[in-house]
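**Student:** Sharing a structure here in structure tokens format.
Residue numbers (the numbering used here): 819 to 1017.
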């Protein structure tokens, strides 16, 4: 029987620099222009999709952005054993247009959630930091299935929050220190150090 009205969803996987995370890319926009990170099951309430993904015993984190979902698994599970199951689940879930990805009205915006959006009360240095993150860092990090959010700037130290595949990734500290910190120091002389916010 051929269903009409619902698109046929295809999903493919992409490795990320973090061996514990995998990027599942769909041919459908899931969360256009935004991203949301669910580091644990308790935080997944605003997303019925994330909540269902956490029902798999091997899922430890869910990150949803644009047309992909980055999943973090526990270390004693092999990706090859679970990818077919996850792909089948995502395909079925996304082909049903009545099933929500994220319920916007349930998202609790906390003051310290971090943002790369330039606001009127940002200092000149903070504006330049956010612009650099948005224009140079964001596109590269998104390709790897993650996001980096500006948290704070204080006396030369920039604090960033790592999400998705960047969170807990062995190579994220190298990216943070060698890549982002090096670029910021060159382009914004006021920046002395870049650090990741610890959970």
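For glycine and all other residues, C-beta sits at the position ideal for the given N, C-alpha and C. Fair warning: this is a prediction, and the values are worked out from it, not measured in the lab.
Any chance you could list the alpha helix (DSSP H) runs of at least 4 consecutive residues sitting entirely within the region 887-934, in chain order?
**Tutor:** Listed in chain order, they are 897-913.
**Student:** Compare the beta carbon distance of residue 964 and residue 982 with 7 Å and say whether it is the shorter of the two.
**Tutor:** In the chain shown, counting from the first residue as 1, residue 964 sits at position 146. In the chain shown, counting from the first residue as 1, residue 982 sits at position 164. For residue 964 and residue 982, yes; Cβs fall inside 7 Å.
**Student:** For the alpha helix (DSSP H) that residue 957 lies in, which residues bound it at each end?
**Tutor:** As a working note, residue 957 is residue 139 in the chain shown. 956-961 is the extent of the alpha helix (DSSP H) around residue 957.
**Student:** Taking residue 882 and residue 843 to be in contact with their CB atoms under 8 Å, please state how far apart those CB atoms are, rounded to whole angstroms.
**Tutor:** The residue labelled residue 882 in the question sits at position 64 within the chain shown. The residue labelled residue 843 in the question sits at position 25 within the chain shown. 12 Å between Cβ atoms; not a contact.
**Student:** Using only the alpha-carbon positions, how far apart do residue 895 and residue 876 sit?
**Tutor:** Residue numbering aside, residue 895 sits at position 77 when the chain shown is read from its first letter. Residue numbering aside, residue 876 sits at position 58 when the chain shown is read from its first letter. Approximately 7 Å, taken between the alpha carbons.
**Student:** Excluding sequence positions up to five away, which residues of its chain have a Cβ less than 6 Å from the Cβ of residue 990?
**Tutor:** As a first step, residue 990 must be located in the chain shown, where it is residue number 172. The answer, listed in chain order, is 980, 984.
**Student:** Could you name the residues of the same chain whose beta carbon sits closer than 8 Å to that of residue 949, not counting the 5 residues immediately before and after it, in chain order?
**Tutor:** On the chain shown, residue 949 is found 131 positions in, with the first residue counted as 1. Once the five neighbours on either side are set aside, the close Cβ partners of residue 949 are 936.
**Student:** For the pair the region 940-948 and the region 907-917, tell me if three or more CB-CB distances fall below 8 Å.
**Tutor:** No: the two stretches stay apart, fewer than three of their Cβ pairs being nearer than 8 Å.
**Student:** Indicate the three-state DSSP secondary structure (helix, strand or coil) for residue 845 in the structure shown.
**Tutor:** Here residue 845 corresponds to residue number 27 of the chain shown, with the count starting at 1. Residue 845: coil per DSSP, three-state reduction.
**Student:** Which residues mark the beginning and the end of the alpha helix (DSSP H) in which residue 829 is found?
**Tutor:** Indexing the chain shown from 1 puts residue 829 at position 11. First-last for residue 829: 829-833, but that is the beta strand (DSSP E), not the alpha helix (DSSP H).
**Student:** Suppose contacts are defined by Cβ-Cβ distances below 7 Å. Is residue 918 in contact with residue 835 by that definition?
**Tutor:** Within the chain shown, residue 918 is the residue found at index 100, counting from 1. Within the chain shown, residue 835 is the residue found at index 17, counting from 1. Contact: no.
**Student:** When we look at the beta-carbon of residue 958 and count the other beta-carbons within 10 Å, is it buried (16 or more) or exposed?
**Tutor:** Counting from 1 along the chain shown, the entry for residue 958 is found at position 140. Answer is exposed; the Cβ neighbour count stays below 16.
**Student:** Just the C-alpha distance for residue 850 and residue 885, rounded to the nearest angstrom, thanks.
**Tutor:** By one-based count along the chain shown, residue 850 stands at place 32. By one-based count along the chain shown, residue 885 stands at place 67. Approximately 7 Å, taken between the alpha carbons.
**Student:** Can you grab the Cα-Cα spacing for the pair residue 871 / residue 1008, in whole Å?
**Tutor:** Looking up residue 871 in the chain shown gives position 53. Looking up residue 1008 in the chain shown gives position 190. So the two alpha carbons sit approximately 43 Å from each other.
**Student:** State the CB to CB distance for the pair residue 890 and residue 839, rounded to an integer number of angstroms; the pair is presumed to be in contact (CB under 8 Å).
**Tutor:** For the purposes of this step, residue 890 is identified with residue 72 of the chain shown, where counting begins at 1. For the purposes of this step, residue 839 is identified with residue 21 of the chain shown, where counting begins at 1. Indeed, because the Cβ distance is near 5 Å, the residues count as touching under 8 Å.
**Student:** Looking at the unbroken beta strand (DSSP E) that takes in residue 939, where does it start and where does it end?
**Tutor:** Mapped onto the chain shown, residue 939 falls at position 121. Careful: residue 939 lies outside any beta strand (DSSP E) and carries neither H nor E.
**Student:** Going by beta-carbon coordinates alone, are residue 832 and residue 846 separated by less than 7 Å?
**Tutor:** Locating residue 832 in the chain shown gives position 14, counting from the first residue. Locating residue 846 in the chain shown gives position 28, counting from the first residue. Cβ atoms of residue 832 and residue 846: not closer than 7 Å.
**Student:** Once DSSP output is grouped into helix, strand and coil, what is the label at residue 863?
**Tutor:** Position 45 of the chain shown, counting from 1, holds the residue named residue 863. In the structure shown, residue 863 sits in coil (DSSP, three-state: anything other than H, G, I, E or B).
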